[in-house]
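Colleague: The listed protein sequences derive, respectively, from chains A and B.
So for the first sequence, numbering that gives the first Met the number 0 puts the first residue at 0; every next one is plus one.
So for the second sequence, numbering that gives the first Met the number 0 puts the first residue at 0; every next one is plus one.
Yeah, the Cβ is synthetic: ideal placement off N, Cα and C, and Gly gets one too.
The model shown is predicted, which means the values in this text are computed figures rather than measured ones.
Just dropping this structure here.
Number of protein chains: 2
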Amino acid sequence: MGESYNICLDIGGTKTLGAIFDSKKNIIYRLKKKTKSGGDDAGNVENLIISVVDEMIKESGVKKSQIHAIAAGAPGVINQDTGIVLFSPNLPWRDYDIRTPIQSRFDVPFYIGNDVNVGVLGEHAYGAAKGYDNVVGFFVGTGMGGGLILNGKLFTGTGFKAAEYGHMVLEPEGPVCNCGQRGCLEIFSAKKGMSAYILQQASRGRKCQLADQIENGVFKSRALKKALADGDTVTMEAVDRACHYLAIATGNMINTFSPDMVVYGGGVIEAVGKIFLEKIEAEVDKYCMPSIRSTVQLKAAALGDDSILYGALSMIPD
Amino acid sequence: MGESYNICLDIGGTKTLGAIFDSKKNIIYRLKKKTKSGGDDAGNVENLIISVVDEMIKESGVKKSQIHAIAAGAPGVINQDTGIVLFSPNLPWRDYDIRTPIQSRFDVPFYIGNDVNVGVLGEHAYGAAKGYDNVVGFFVGTGMGGGLILNGKLFTGTGFKAAEYGHMVLEPEGPVCNCGQRGCLEIFSAKKGMSAYILQQASRGRKCQLADQIENGVFKSRALKKALADGDTVTMEAVDRACHYLAIATGNMINTFSPDMVVYGGGVIEAVGKIFLEKIEAEVDKYCMPSIRSTVQLKAAALGDDSILYGALSMIPD
Chain A
0 MGESYNICLD IGGTKTLGAI FDSKKNIIYR LKKKTKSGGD DAGNVENLII
50 SVVDEMIKES GVKKSQIHAI AAGAPGVINQ DTGIVLFSPN LPWRDYDIRT
100 PIQSRFDVPF YIGNDVNVGV LGEHAYGAAK GYDNVVGFFV GTGMGGGLIL
150 NGKLFTGTGF KAAEYGHMVL EPEGPVCNCG QRGCLEIFSA KKGMSAYILQ
200 QASRGRKCQL ADQIENGVFK SRALKKALAD GDTVTMEAVD RACHYLAIAT
250 GNMINTFSPD MVVYGGGVIE AVGKIFLEKI EAEVDKYCMP SIRSTVQLKA
300 AALGDDSILY GALSMIPD
Chain B
0 MGESYNICLD IGGTKTLGAI FDSKKNIIYR LKKKTKSGGD DAGNVENLII
50 SVVDEMIKES GVKKSQIHAI AAGAPGVINQ DTGIVLFSPN LPWRDYDIRT
100 PIQSRFDVPF YIGNDVNVGV LGEHAYGAAK GYDNVVGFFV GTGMGGGLIL
150 NGKLFTGTGF KAAEYGHMVL EPEGPVCNCG QRGCLEIFSA KKGMSAYILQ
200 QASRGRKCQL ADQIENGVFK SRALKKALAD GDTVTMEAVD RACHYLAIAT
250 GNMINTFSPD MVVYGGGVIE AVGKIFLEKI EAEVDKYCMP SIRSTVQLKA
300 AALGDDSILY GALSMIPD
């Protein structure tokens, strides 16, 4: 018996990350590719997965016969039990059975789940939340994702649609979000919300170094990090505002779940998590019950950009 | 073998309800008593339970040897597994083992849980939420209670403190609640919040028939019902405001849990649930994702004032 390997994927709307794990759960090979998801042909993404896996096998030197399983996180509403993607906002999938074609192509088991759910699974299995039974995850990127570990297991709700508290309404008369609601967490605290604030301030003639780097309503996390390091005032205001609402949402989720931990992940946290965590910690006590707060830890994700890859790994039975 | 009976209690801060259930789960005897919870002597409430149970046995004609078990719901943070009351806002209990003295006094098993949790258990076992796996409960009374059924079981979080979304912050700069937070659901949507609004309007010289009936910041549910039936304007405004925020909170909980059902119970719903449900239904779609909303039913509790009694019954193994 030789070594066996698992291939894990983080399929995003713009890029796909891949990793090959050996049996000791070390990453022995990595791949990063742009996701071309244009058109309505669901097969495009299926073909992307196939080509990425093929390329990883070829470039890594791992033999196809040594692959034990493949697992992935992807955006959208996904039935993890059946491998059917019910709906995906950025990918052209509707009630699409992605498991069957991938399994028959590679002749190994294929697992897939919602990307943020899978990221929280990763933090629970291998990262900051390891060993904790009740965990609330906030993933701060272009949008605001959520994931819940309850009683030690991923909670998906009815129809695999739970943990959308990124769209919790916090200001009933606040600005309109893409989701159609007003004043929800995402419109204040995700990149979209911070960008909107920065562009609004720039349009008033205020200087902001991040304003020029906003494309399609978002900026790169490392540009945010640089602007904060440079002490850019408007960027700091946008971050203060983001953390204020994230502290309220955190308090609401603490009152709702009495979790052991709230874990923050995603690109923004990977880049400037220390600043976010400090600001949230400074405010959250105002927005929850002291007796419940007293048993909750707030932590940044420990696996950074690899949360979803490790979460995919955790979906594969030994 | 003769018939066996279960004694169930709903221990409130001001009154205690009792019921004896036969083996077919029919209530064969009822008792209602004022709760005297003054003083710091935790034994007071223990003695209350003992005297209520003794009186129920005596008056009902049921023999002590026919009692199978006793179960109760009470306010506060209660470890249902051990029968220890960790904290109770209106009763003088702190880390108090109530199970042991009651069990040794009556020589039958004694079960106890948080009152709203037990009420939601009752609706799940015998009422509106029967057969549903994921249920969010709002109990609207003096305060705003919560209870969660997730994956078919009561969810209590870490330290039995979950489901305090009655104190979810919805207006970060709103009025201060007893809990110390600003703009939480309870301060708008429970009796306390409606009373505050009504008293404020009355102090401005506006007529409101409910204003005179507010004692210690609350009114009786039947007085609310009468004021609404009489078309009292300020009372209707208070109800509109309560339902507006309850609709937002309902939307937030729908996005968070993707439940099968949201169930509304408590004294206010028992009295005027039809009006509340209509108003919440009319607004809630604005505050959650259509795809998640589409699989959620909103319902009033089916067991009315007996939710907690039936929930206590459901805690007793057959």
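Give me the Cα-Cα distance between B:K57 and B:G145, rounded to the nearest whole angstrom.
Modeller: Looking up residue 57 of chain B in the second sequence gives position 58. Looking up residue 145 of chain B in the second sequence gives position 146. Computed Cα separation, rounded: 35 Å.
Colleague: Tell me which residues of the stretch 246 to 267 of chain A have at least one Cβ-Cβ distance to chain B shorter than 7 Å, keeping chain order.
Modeller: Flagged, chain order: I247, G250, N251, N254, T255, F256, S257, P258 and D259.
Colleague: Answer with buried or exposed for A:N98, where buried requires no fewer than 16 other C-beta atoms within 10 angstroms of its C-beta.
Modeller: Along the first sequence, read from residue 1 onward, the residue named residue 98 of chain A stands at position 99. This sequence places Arg at residue 98 of chain A; Asn is not what is there. So A:R98 ends up on the buried side.
Colleague: So, is the C-beta of A:S290 closer than 8 Å to a C-beta in chain B?
Modeller: As a position in the first sequence, residue 290 of chain A is number 291, starting the count at 1. So, interface residue.
Colleague: Given a threshold of 16 other Cβ atoms within 10 Å of its Cβ, counted over all protein chains shown, does A:A210 qualify as buried or as exposed?
Modeller: As a working note, residue 210 of chain A is residue 211 in the first sequence. By the 10 Å Cβ count, A:A210 comes out buried.
Colleague: In three-state DSSP terms, what is A:F138?
Modeller: What you label residue 138 of chain A is simply residue 139 of the first sequence in a count that begins at 1. DSSP places A:F138 in strand when its eight states are reduced to three.
Colleague: Under 8 Å, Cβ to Cβ, is there at least one residue of chain B near A:N133?
Modeller: Within the first sequence, numbered from 1, the residue matching residue 133 of chain A stands at position 134. So, interface residue.
Colleague: Would the beta-carbon of B:A246 fall within 8 Å of that of B:T234?
Modeller: Against the second sequence, residue 246 of chain B aligns to sequence position 247. Against the second sequence, residue 234 of chain B aligns to sequence position 235. For B:A246 and B:T234, no; Cβs fall outside 8 Å.
Colleague: Return no unless some Cβ of chain A is closer than 8 Å to the Cβ of B:T157.
Modeller: One-based indexing of the second sequence puts residue 157 of chain B at position 158. Answer yes: the Cβ-Cβ gap between B:T157 and chain A drops below 8 Å somewhere.
Colleague: My understanding is that A:G142 touches A:K191, with C-beta atoms under 8 Å, so please give their C-beta distance in whole angstroms.
Modeller: The residue labelled residue 142 of chain A in the question sits at position 143 within the first sequence. The residue labelled residue 191 of chain A in the question sits at position 192 within the first sequence. Sure, about 6 Å apart at Cβ, within 8 Å.
Colleague: How long is the line joining the alpha carbons of B:Y263 and B:Y164, rounded to whole angstroms?
Modeller: Taking the second sequence and counting its residues from 1, one reaches residue 263 of chain B at position 264. Taking the second sequence and counting its residues from 1, one reaches residue 164 of chain B at position 165. Looking at the two C-alpha atoms, the distance is approximately 13 Å.
Colleague: Any heavy atom of the ligand FAD inside 7 Å of the beta-carbon of B:V76?
Modeller: By its list of ligands, the structure shown contains no ligand whatsoever, and the ligand FAD lies outside what it can speak to.
Colleague: Within a Cβ cutoff of 7 Å, which residues of the same chain sit near B:S87, ignoring the five residues on either side of it in sequence?
Modeller: Position 88 of the second sequence holds residue 87 of chain B. Cβ neighbours of B:S87 beyond the five flanking positions: A73, P74 and G75.
Colleague: Between which two residues does the beta strand (DSSP E) harbouring B:L297 extend?
Modeller: One-based indexing of the second sequence puts residue 297 of chain B at position 298. Start and end: Q296 to A299.
Colleague: State the CB to CB distance for the pair A:F256 and A:V135, rounded to an integer number of angstroms; the pair is presumed to be in contact (CB under 8 Å).
Modeller: Walking along the first sequence from the start, residue 256 of chain A turns up at place 257. Walking along the first sequence from the start, residue 135 of chain A turns up at place 136. So it is a contact: roughly 6 Å between Cβ atoms.
Colleague: Terminal residues of the continuous beta strand (DSSP E) containing A:N78?
Modeller: Indexing the first sequence from 1 puts residue 78 of chain A at position 79. Unbroken beta strand (DSSP E) run through A:N78: V76 to N78.
Colleague: Given that B:C178 touches chain A, what residues does it touch there, using C-beta distances under 8 Å?
Modeller: What you label residue 178 of chain B is simply residue 179 of the second sequence in a count that begins at 1. M288, listed in chain order.
Colleague: Measuring straight from C-alpha to C-alpha, what distance separates A:L184 and A:A128?
Modeller: Residue mapping note: residue 184 of chain A aligns to position 185 of the first sequence, counting from 1. Residue mapping note: residue 128 of chain A aligns to position 129 of the first sequence, counting from 1. Approximately 23 Å, taken between the alpha carbons.
Colleague: Could you give the DSSP three-state label for B:G266: helix, strand or coil?
Modeller: Along the second sequence, read from residue 1 onward, the residue named residue 266 of chain B stands at position 267. Note: B:G266 maps to helix in three-state DSSP.
Colleague: Which residues of the stretch 133 to 155 of chain B have a Cβ closer than 7 Å to any Cβ of chain E? Give them in chain order.
Modeller: The chain inventory of the structure shown lacks chain E, comprising the protein chains A and B.
Colleague: Give the straight-line distance between the Cα atoms of A:G1 and A:Q208, rounded to the nearest whole angstrom.
Modeller: Within the first sequence, residue 1 of chain A is the residue found at index 2, counting from 1. Within the first sequence, residue 208 of chain A is the residue found at index 209, counting from 1. Approximately 54 Å between the Cα atoms of the pair.
Colleague: What are the boundary residues of the beta strand (DSSP E) that includes B:M143?
Modeller: For the purposes of this step, residue 143 of chain B is identified with residue 144 of the second sequence, where counting begins at 1. Note, B:M143: beta strand (DSSP E), M143 to L149.
Colleague: Go to A:N116, then tell me how far its alpha helix (DSSP H) extends in each direction, as first and last residue.
Modeller: Residue 116 of chain A sits at position 117 when you count from the first residue of the first sequence. Unbroken alpha helix (DSSP H) run through A:N116: D114 to Y125.
Colleague: With burial defined as no fewer than 16 other Cβ atoms inside 10 Å of the residue's Cβ, what is the status of B:G38: buried or exposed?
Modeller: Taking the first residue of the second sequence as 1, we reach residue 38 of chain B at position 39. Only weak support exists for where B:G38 lies, its pLDDT of 49 falling under 50; the coordinates are left without a value.
Colleague: Does A:K160 pass the burial test, meaning 16 or more other C-beta atoms within 10 Å, or should it be called exposed?
Modeller: Residue mapping note: residue 160 of chain A aligns to position 161 of the first sequence, counting from 1. Classification for A:K160: buried.
Colleague: List the endpoints of the continuous beta strand (DSSP E) containing A:T15.
Modeller: Working through the first sequence from its first residue, we reach residue 15 of chain A at position 16. Here the beta strand (DSSP E) through A:T15 covers K14 to F20.
Colleague: Counting only C-beta atoms, is B:P100 closer than 8 Å to chain A at any point?
Modeller: As a first step, residue 100 of chain B is located in the second sequence; it is residue number 101 there, counting from the start. No, B:P100 does not count as interfacial toward chain A.
Colleague: Does A:P316 pass the burial test, meaning 16 or more other C-beta atoms within 10 Å, or should it be called exposed?
Modeller: Sequence index remark: in the first sequence, residue 316 of chain A carries index 317 (1-based). Exposed, since its Cβ has fewer than 16 Cβ neighbours within 10 Å.
Colleague: Name the chain B residues whose beta carbon is nearer than 8 Å to that of A:M167?
Modeller: Here residue 167 of chain A refers to the residue found at position 168 of the first sequence. Ordered by position in chain B, the residues that pass the 8 Å Cβ test against A:M167 are N251, N254 and T255.
Colleague: A:K57 touches chain B at which residues, Cβ-Cβ below 7 Å?
Modeller: Position 58 of the first sequence, counting from 1, holds the residue named residue 57 of chain A. Simply none; closest approach about 39 Å.
Colleague: Any C-beta of chain A sitting closer than 8 Å to the C-beta of B:Y110?
Modeller: The residue you call residue 110 of chain B lines up with position 111 of the second sequence. False, the Cβ-Cβ gap to chain A never drops below 8 Å.
Colleague: Evaluate B:K273 with the Cβ neighbour count: other Cβ atoms within 10 Å of its Cβ, from every protein chain shown; 16 or more gives buried, anything less gives exposed.
Modeller: As a position in the second sequence, residue 273 of chain B is number 274, starting the count at 1. Exposed: under 16 other Cβ atoms inside 10 Å.
Colleague: I want to verify the contact list: residues of chain A whose CB lies under 8 Å from the CB of B:K191, in sequence order.
Modeller: As a position in the second sequence, residue 191 of chain B is number 192, starting the count at 1. Within 8 Å Cβ-Cβ: nothing; B:K191 doesn't reach chain A, min ~16 Å.
Colleague: Name the residue from A:N43, A:V238, A:V52 and A:P258 whose alpha carbon lies nearest to the alpha carbon of A:S290.
Modeller: Numbered from its first residue, the first sequence carries residue 290 of chain A at position 291. For the residues A:N43, A:V238, A:V52 and A:P258, the minimum Cα distance to A:S290 belongs to A:P258.
Colleague: Any idea if B:Y309 is buried or exposed, counting beta-carbon neighbours within 10 angstroms, 16 or more meaning buried?
Modeller: Along the second sequence, read from residue 1 onward, the residue named residue 309 of chain B stands at position 310. By the 10 Å Cβ count, B:Y309 comes out buried.
Colleague: Please compile the residues from chain B whose C-beta is within a distance smaller than 8 Å of the C-beta of A:E185.
Modeller: The residue you call residue 185 of chain A lines up with position 186 of the first sequence. Residues of chain B passing the Cβ test: none, with the nearest at roughly 11 Å.
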